[in-house]
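What follows is a set of notes on a single structure, which appears directly below.
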Amino acid sequence: MACQRLLILYRVSNLLYGVNPLRCYVHARIIGMSEIEAVERVFNDAAPQYDDTISANGWPAHNMLGEALAIQHPVKHALDLGAGTGLSSDVILEVTQPERITAVDISEAMLERLQRRHEGDPRLTIVKMAIERFLAETPVRFDLAVAMGVAHFIRDFDVVISGVARVLNDEGRFIFTYNPFISGHPTQGESRSTSGLTFYRRSPADIENALDRSGFKVVSNQLFAANREHQNGFVVAKKPSSPHAVLAEVQVRPVARGGAANPFS
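In this note's numbering, the protein residues as written are 13 to 277.
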């Protein structure tokens, strides 16, 4: 039993840091699956030990999230992408006190734990869906989007960035972590590595270029020690007000005493 627990802890740590190789995940259950199906299966398996492993490894990203949110503008509706068991949602709810929060994840087992964690909280909406599909289909708009420990599982993270830009209100913020490509690093020196699961790594410059293409302004992009051997990136990006929004605001200002401009004229 103790050996099994250690194996699970090792697996979850690998998921967190993007370690290559993930030899423990090369087994018949995920051979032939799509990438999304494989990630779903692995996180379903890891869910019972996930929170304990995050705590045991001392991953600092959630503390960094809390610090970043402390200077966040008011949030009415927050979006937690790859919400998992709700560790990020906990921070968002505590620091920003949003009116609503939508938590999206592909793993049913992880979301079940999130549901139990916030049982009866009317602010919480849980969605079991791939992140890319949710961002493409939702008609809802948000003031904040968070994606912690997600980017390295997604083949085309540009699609996520552009999707977040679509659903964020002006002045909204996108806060996320990523697994950086570091030339010459023994495990992070590959932009893509596969051993059961595929991890995708981007350089800090690639991340910033992708954000710029979707109209984001990078507030900060810093590397931090995920553990003694691996680094992660932590990004805060802002969606500026569009020139069209500013123009519309000017056009609907009062044009004469006692009257206002017709915004539909």
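For each residue, glycine too, the CB sits at the ideal point set by N, CA and C.
| Query | Result |
| --- | --- |
| Are three or more beta carbon pairs between the stretch 194–201 and the stretch 79–99 nearer than 8 Å? | no |
| Could you give the DSSP three-state label for valine 38: helix, strand or coil? | The predicted position of valine 38 is uncertain, since its pLDDT is 34 and thus under 50; no value can be drawn from it. |
| Rounded to whole angstroms, what's the CA-CA distance from arginine 240 to asparagine 69? Just pull it up for me. | 10 Å |
| In angstroms, rounded to a whole number, what distance separates the CA positions of aspartate 117 and isoleucine 138? | 8 Å |
| Could you tell me if methionine 122 is buried or exposed, where buried requires 16 or more neighbouring beta carbons within 10 angstroms of its beta carbon? | buried |
| For aspartate 64, count the other beta carbons within 10 Å of its own beta carbon; 16 or more makes it buried, fewer makes it exposed. Which is it? | exposed |
| Roughly how many angstroms lie between the CA atoms of glycine 227 and tyrosine 190, to the nearest whole one? | 19 Å |
| So, using beta-carbon positions, are glutamate 111 and lysine 88 closer together than 8 Å? | yes |
| Which term fits methionine 160, buried or exposed, when burial requires 16 or more other beta carbons within 10 angstroms of its beta carbon? | buried |
| Beta-carbon within less than 7 Å of histidine 85's beta-carbon, same chain only, minus the 5 sequence neighbours each way: which residues are those? | Glu183 |
| Could you have a look at alanine 115 and say whether DSSP puts it in helix, strand or coil? | strand |
| Where do the ends of the alpha helix (DSSP H) carrying isoleucine 138 lie? | Careful: isoleucine 138 lies outside any alpha helix (DSSP H), inside the beta strand (DSSP E) at 136–140. |
| What residue does the alpha helix (DSSP H) around serine 226 start on, and which one ends it? | Counting along the chain, serine 226 falls outside any alpha helix (DSSP H), and DSSP gives it neither H nor E. |
| Expressed to the nearest angstrom, what Euclidean distance is found between the alpha-carbon atoms of aspartate 57 and glycine 245? | 26 Å |
| Roughly how many angstroms separate the alpha carbons of cysteine 36 and alanine 222, rounded to a whole number? | Note on cysteine 36: pLDDT 33, under 50, position unreliable in the model; the coordinate value appears next. Approximately 32 Å, taken between the alpha carbons. |
| Taking valine 162 and leucine 93 to be in contact with their CB atoms under 8 Å, please state how far apart those CB atoms are, rounded to whole angstroms. | 6 Å |
| In three-state DSSP terms, what is histidine 164? | helix |
| Assuming asparagine 181 is part of the beta strand (DSSP E), what are its boundary residues? | 180–190 |
| Counting C-beta neighbours from all protein chains within 10 Å, is the total for glutamate 52 16 or more, i.e. buried, or is it exposed? | buried |
| Count the other CB atoms within 10 Å of the CB of isoleucine 187; is the residue buried (16 or more) or exposed (fewer)? | buried |
| Starting from glycine 245 and walking both ways along the beta strand (DSSP E), at which residues does that stretch end? | 243–250 |
| Tell me whether phenylalanine 236 sits in a helix, a strand or coil according to DSSP, three-state version. | strand |
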